[in-house]
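Q: The structure's right below; bear with me while I get my questions together.
Number of protein chains: 2
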Amino acid sequence: MHAVITGAAGFLGQKLARKLLTGAALSGPDGARSEVKKLTLFDVAAPAPDIAQDRRVSCVVGDIGDGALVRGLIAGGVSSVFHFAAVVSAGAEADFDLGMRVNLDGTRHVLEACRRLKAPPRVVFTSSVAVYGGDMPKIIKDDTPVTPQTSYGAQKAIGEYLLNDMSRKGFIDGRALRLPTIVVRPGKPNKAASTWASSIIREPLQGQDVECPVDPATEMYLLSPRRVVEAFLHAHELPKEKFGFNRALFLPGLTATVAEMLAGLKRAGGQKAVDRVKFVPDPAIRRIVAGWPMRFDAARARALGFKADDSFDQIVRGFVEDDLRRNAA
Amino acid sequence: MHAVITGAAGFLGQKLARKLLTGAALSGPDGARSEVKKLTLFDVAAPAPDIAQDRRVSCVVGDIGDGALVRGLIAGGVSSVFHFAAVVSAGAEADFDLGMRVNLDGTRHVLEACRRLKAPPRVVFTSSVAVYGGDMPKIIKDDTPVTPQTSYGAQKAIGEYLLNDMSRKGFIDGRALRLPTIVVRPGKPNKAASTWASSIIREPLQGQDVECPVDPATEMYLLSPRRVVEAFLHAHELPKEKFGFNRALFLPGLTATVAEMLAGLKRAGGQKAVDRVKFVPDPAIRRIVAGWPMRFDAARARALGFKADDSFDQIVRGFVEDDLRRNAA
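Top line first, the protein sequences correspond to chains A and B.
Under my numbering, the letters of the first sequence match residues 25 to 353, in that order.
Under my numbering, the letters of the second sequence match residues 25 to 353, in that order.
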């Protein structure tokens, strides 16, 4: 079993890599399941040393917009591809051409390289609930039209259509997951307009002050890194027939207000942790966040066995166990 | 006013060209309306001599998949682009790479060339009701999700997302029209699975026998060439604000059974015309046609002033006046 992860230096890519290296089995094009014997990690930077030094791992540093490089990467006996590589929302909005190159051309390069393999590989594509926008219903359902209002969302939607059509043609065996906001992200804040949703938990639990740019009543649609990694493996393993005529779906998540998130922070870190959060309204961030869908009825994904976190406390606990203790160790 | 038509040797491209050359006015980026002073016609073949010889017309023969050529074509003072060039449904299904090159890369070249102009031009993009597919409701509405089940439909959907996003960014001022089956097409049958819908009217009215591969109860969603050309001009002239957050819509059409179409043929050409139609079932064509949506509630397009044909008789009359008499003259 030879798997490829693009965007493998990102936090989700690294978490998935660790899961695969600790024995998670994958199904091949012939249906047989086995552990990963070879893992190719591709990104603009190298992953953490504990991953990179594993004897099963090959690291390739490069640009996903380089078609020849991607074709060289996804070749030979590759049977599974997890495609995370992307320019995030704010980045694709600020630099249209970069977003097109990485999010659209990069995805096309990955799919075209997969098509050249002898057996159609399973491909799990990272999409986003940013494919929704404009005049939306109060609750997003499986039949809500995809009308993105950002370049990132448009590029993700286009990736889904390519993946769906190439799966229908039998070139690949694709699956696309629209992700909620992932909380709690380890590491540093990034340029996403949602970065505060992780920061208001992560920083106080590490003894740092943090600013919250939105008010306590603001809702977010959330999923933990643990559940996302499980979802990627589950999507990979589901028989393609389960997806029917549409390989794309949004994942079940948890809708929580900032106040509810801070109540969870208090249970995990006490009042002193909550006291580290200062509300400093940022009109630009508030405006962007106000345009996001926050309530979803993920009936189709739930019926297929995808799972949301049970509670915000569970999300915080996962962060403490997987990231805080790991870093402390 | 300098307009460009891609796919200008096709029957719709030529009809639009004639309309523009006989005085139809277009709005420029500054809002002022005027007649077309320069018309660039682009296709893999030259248009009819009566069009090509007009002193306002420049004809360019070439491949829409050639980005440099398209950039040269859409340059300088171009203020309007009508983008018809495409590989049709059966063609894009039979040759995936050709469909991607013409329908996806070609559209992207057109939009990118438009983006380089000094003022964002109005761009009218030919989409199709083939963007719908899979499990559909009985009646397609404005909020029915886009889930194409052909490569042609997927490529048209992707074109819409590109056009929408580049319009939102202010790079272009785009509008996308999803066309019903156009009846009566002049000329010869083509490779579309719907070609018989024109043939069963066109051939008998010219004294030729014709085979109908589907049964009399089969429904089709139809629009005449006259109404399509009107729709392209109307879409071009509508203020962008009228489209709201989604520049794509499907056009109002007429749903008619084959039996109703043949009743119209009888009124236009008598029993002797109808006797020229022989039912010769073709299981492959019947299966494809059975997967098409046939009933639409085009509320949004109607509210914006787009019009269906009043009756099938009107569709036949338009063909007789515009195409049969023209050829006879």
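Every residue gets a Cβ at the ideal spot worked out from N, C-alpha and C, and that includes glycine.
As the structure is a computational prediction, the values presented were derived from the model and not from experiment.
1. Which class does T171 of chain B belong to by DSSP, given the choice of helix, strand or coil?
2. Do L273 of chain A and L186 of chain A have their C-beta atoms closer together than 9 Å?
3. Which two residues bound the contiguous beta strand (DSSP E) that contains R199 of chain B?
4. Counting only runs that start and end within the region 98 to 148 of chain B, where is the beta strand (DSSP E) found for 3 or more residues in a row?
5. Give a yes or no on whether the minimum CB-CB distance between F149 of chain B and chain A is below 9 Å.
6. Mind checking the region 156 to 185 of chain A against chain B and listing, in chain order, the residues whose C-beta falls within less than 9 Å of any C-beta there?
7. Between B:V105, B:N127, B:S335, which has its C-alpha nearest G183 of chain B's C-alpha?
8. Show which residues of chain A have a CB atom less than 9 Å away from the CB atom of N387 of chain B.
9. Sorted by chain position, which residues of the same chain lie with C-beta nearer than 7 Å to V301 of chain A's C-beta, five sequence neighbours on each side aside?
10. Can you list, in chain order, the residues of its chain with a C-beta nearer than 6 Å to that of R226 of chain A? Leave out the 5 residues immediately preceding and following it.
11. Going by DSSP, which residues form a beta bridge with L247 of chain B?
12. With distance defined between alpha-carbon atoms, name the residue in B:R324, B:A143, B:V60 nearest to S191 of chain B.
13. Rounded to whole angstroms, what's the CA-CA distance from R146 of chain B to G268 of chain B? Just pull it up for me.
14. Going by CA-CA distance only, name the one from B:A308, B:A32, B:A109, B:V340 that's closest to P250 of chain B.
15. What residues of chain B sit near N270 of chain A, judged by a beta carbon separation below 7 Å?
16. For chain A, find out if any of its Cβ atoms is closer than 9 Å to the Cβ of K193 of chain B; answer yes or no.
17. My understanding is that R324 of chain B touches D197 of chain B, with C-beta atoms under 8 Å, so please give their C-beta distance in whole angstroms.
18. Report buried or exposed for V159 of chain B, applying the criterion of at least 16 other Cβ atoms within 10 angstroms of its Cβ.
19. Measure the alpha-carbon distance for G91 of chain B versus I98 of chain B and round it to whole angstroms.
20. Any beta carbon of chain B sitting closer than 9 Å to that of D189 of chain A?
21. Should F120 of chain A be flagged as near chain B, meaning a C-beta pair shorter than 9 Å?
22. From V282 of chain B to E254 of chain A, what does the alpha carbon distance come to, in whole angstroms?
23. Can you tell me the Cα-Cα spacing of F320 of chain A and S151 of chain A, whole angstroms?
24. Quick one: grab the DSSP three-state call for F343 of chain B.
25. Consult DSSP for D67 of chain B and reduce its assignment to one of helix, strand or coil.
26. Would you tell me roughly how many angstroms separate the C-alpha atoms of R291 of chain A and R140 of chain A, rounded to the nearest one?
27. Kindly identify the DSSP beta-bridge partner or partners of T30 of chain B.
28. Let me know the secondary structure DSSP gives K302 of chain B once reduced to three states.
29. Closest by CA to A110 of chain A, which one among A:L257, A:T131, A:V298, A:G101?
30. What do you get for K39 of chain A, buried or exposed, if any count of 16 or more other CB atoms within 10 angstroms of its CB means buried?
31. Given a cut-off of 9 Å, decide if S113 of chain B and V28 of chain B are closer than it, judged by their beta-carbon atoms.
32. Between the Cα of V68 of chain B and the Cα atoms of B:C83, B:S82, B:D87, which residue gives the shortest distance?
33. In this structure, what does DSSP give as the bridge partners for T150 of chain B?
34. Go ahead and pull the three-state DSSP assignment for V253 of chain B.
35. Per DSSP, V84 of chain B is paired with what?
A: Based on what the coordinates show:
1. coil
2. Contact: no.
3. 197 to 203
4. 102 to 107
5. So, not an interface residue.
6. G157, G158, D159, P161, D166, D167, T168, P169, V170, T171, P172, Q173, T174, S175, G177, A178, Q179, A181, I182, Y185
7. B:N127
8. A question about residue 387 of chain B goes unanswered here, because the residues of chain B that appear run from 25 up to 353.
9. I224, P228, V234, C236, L286
10. Excluding residues within five positions, the ones whose Cβ falls inside 6 Å are V208.
11. B:I206
12. That would be B:A143, whose Cα lies nearest to the Cα of S191 of chain B.
13. 15 Å
14. At residue 250 of chain B the sequence reads Arg, which differs from the Pro that was named. Selected option, being the one with the closest Cα: B:V340.
15. G158, T171
16. yes
17. Cβ-Cβ separation between R324 of chain B and D197 of chain B: approximately 19 Å, too far for a contact (criterion under 8 Å).
18. It is Asp, not Val, that sits at residue 159 of chain B in the sequence shown. D159 of chain B should be labelled exposed.
19. 11 Å
20. yes
21. With its beta carbon less than 9 Å from one in chain B, F120 of chain A belongs to the interface.
22. Answer to the nearest angstrom: the Cα atoms are 52 Å apart.
23. 16 Å
24. helix
25. In the structure shown, D67 of chain B falls within a strand segment according to DSSP collapsed to helix, strand and coil.
26. 52 Å
27. B:F66, B:H107
28. strand
29. A:T131
30. buried
31. no
32. It is B:D87 whose Cα lies nearest to the Cα of V68 of chain B.
33. B:L201
34. helix
35. B:F66
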